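Mapping the sequence shown onto the working numbering, position 238 (from 1) lands on 244, and the numbers just tick up by one. Built from N, CA and C at the ideal position, the CB exists for glycine as well. Fair warning: this is a prediction, and the values are worked out from it, not measured in the lab. Remarks on the structure that follows.
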Amino acid sequence: MPHRPALSRPAPRPLMDRVKPWGLALSALAAGPLAAQTAPPLAGAGAAPATCPGRAEAPDRAPQVLELYTSEGCSSCPPADRWLAQFSGRSDVLPLAFHVTYWDRLGWPDRYADPLHTQRQTEVRDRLGARQLYTPQTVLEGRDWRGWWQGQALPRPATSAAPLALSLSGRGQAVDVELHPRPGAPLPARLQAFWAVSEDGHSTQVKPGENEGSLLRHAAVVRGYTPIPPQLLAPLHAGQPLRLSYTPPPASPGAGARRVVMVVADAASGRTLQAGVLACGS
């Protein structure tokens, strides 16, 4: 298929396989109002996990979470990958490139693809009442957003303060997050949250498939995505602080800037309630 200009409208790309639910076995230890949750080792974690020194406080107003569902096997995706890269490192926008698996069978296996990414896109589709998955898809604050095809600027973010305070801090090979409900700020009935590791500076020389012969460059590539069981978020509804822990996977070969991310959202709308980013060494 021919490549499309950066701002032309790509045709929706349908899901090729039925996606089965995927889960993670997560352990939790609760002690009073605080709970600890650690992600299991990820595939390929033979090297020592990265350390993430320092501490980061989430801003009073939550950044806009911008998700891109993409694949190296899709000829319409490279323009979207390049577009997303401009937001990497910004404080007001949190870009996350989820590489999905359903293009892998067509000639080029995407090394960044993960079944959990495909499952997340499936959950977004079901929540929005859409009929199919497609790439490239951009999801802004839980809603399908196609303005980038016409070169539109991102909509202005909400001006209200986030209902949660969030801080991230490194502790050896782990990262801790502390969440505190803000007094008087109501929370939605259902919460969802996840950890992610994003990496810049990746490139791939594609050989077969729709992007044959192309050198693809990627930023904000999600390399560790760990959903948090909703029951672990229950203390927040009781107005209590919550502490969670996460051990990031090792850096991918060739990774540039690397970040550990925690996102808390309204499960019904996908709207971000708070999000934090901690720079993480390789």
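What is the DSSP secondary structure of residue i, reduced to helix, strand or coil?
i, result
"D206", "coil"
"A240", "helix"
"A62", "strand"
"L284", "strand"
"A271", "strand"
"R88", "helix"
Going by other Cβ atoms of all chains shown within 10 Å of its Cβ, with 16 needed for buried, is residue i buried or exposed?
i, result
"S166", "exposed"
"Q179", "exposed"
"G276", "buried"
"P142", "buried"
"P161", "exposed"
"T278", "buried"
"Q156", "exposed"
"L170", "buried"
"R264", "buried"
"S97", "exposed"
"A86", "buried"
"S258", "buried"
"A226", "buried"
"D120", "buried"
Please list, in chain order, all residues of the same chain as residue i whose beta carbon is under 6 Å from its beta carbon, the five residues on each side excluded.
i, result
"G113", "P214 and G215"
"A64", "L172, Q280 and G282"
"L100", "P69, V71 and A281"
Leaving out five residues on either side along the sequence, give the residues of the same chain with a beta carbon under 7 Å from the beta carbon of residue i.
i, result
"G245", "P187"
If we define contact as Cβ-Cβ less than 9 Å, is residue i a contact residue for chain D?
i, result
"A271", "In the structure shown, chain D does not exist; there is a single protein chain."
Is the number of C-beta pairs between the segment 131-147 and the segment 237-250 that are closer than 8 Å three or more? no
Complete runs of the beta strand (DSSP E) confined to the segment 144-231 [at least 3 residues]: 170-177, 180-187, 197-205, 208-211 and 221-224
Between the segment 257-276 and the segment 197-215, do three or more beta carbon pairs fall short of 8 Å? Of all C-beta pairs linking the segment 257-276 to the segment 197-215, three or more are shorter than 8 Å, placing the two stretches in contact.
Contained beta strand (DSSP E) runs [length at least 3] in the segment 97-146, N- to C-terminal order: 99-105 and 143-146
Would you call the segment 76-91 in contact with the segment 107-123, where contact means no fewer than 3 C-beta pairs closer than 8 Å? yes
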